[in-house]
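Residue numbers (this note's numbering): 6 to 120.
Glycine included, C-beta positions come from ideal geometry on N, C-alpha and C.
Every value quoted in this text rests on a predicted model; they were computed, and no experiment measured them.
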């Protein structure tokens, strides 16, 4: 349904018809396609388990990635450790053991203090 809303917002009469057809066809296909191939064994470090971070880390875990987490809030890390997810005591430990590090922090000040 969102695709129809997008179409109504764009002035397609000014665009070439080939462009608009290609744009919407590719948009729809990408949006609906999913991968059934399990991810390669890639260690993902996740720093920041707040409202967004915890949900994003959970989605990575559900997708089959090996995730290690860290947060300043010990209770947030405890929820993950109770499920068997590795937790680390510092961001440095996350960086040492991960192929990819994702940060989901609440403010620019938090990002600057981390890096």
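Quiz item: Should residue 105 be labelled buried (16 or more other beta-carbon atoms within 10 Å of its own) or exposed?
Solution: exposed
Practice problem: For residue 51, write down the residues that DSSP places opposite it in a beta bridge. | Solution: 74 and 107
Quiz item: Which stretch, first to last residue, makes up the alpha helix (DSSP H) that contains residue 97?
Solution: 96-102
Exercise. Starting from the Cα of residue 97, find the closest Cα among 111, 73 and 87 and give me that residue.
Key: 73
Quiz item: Buried or exposed: where does residue 54 fall if 16 or more other Cβ atoms within 10 Å of its Cβ makes it buried?
Solution: buried
Exercise. Would you give the residue range spanned by the alpha helix (DSSP H) that residue 113 belongs to?
Key: 113-119
Quiz item: residue 85: buried (16+ other C-beta within 10 angstroms of its C-beta) or exposed?
Solution: buried
Quiz item: What separation, rounded to the nearest whole angstrom, lies between the Cα atoms of residue 113 and residue 48?
Solution: 26 Å
Practice problem: Look up residue 91 in the DSSP assignment and give the residues it is bridged to. | Solution: 73
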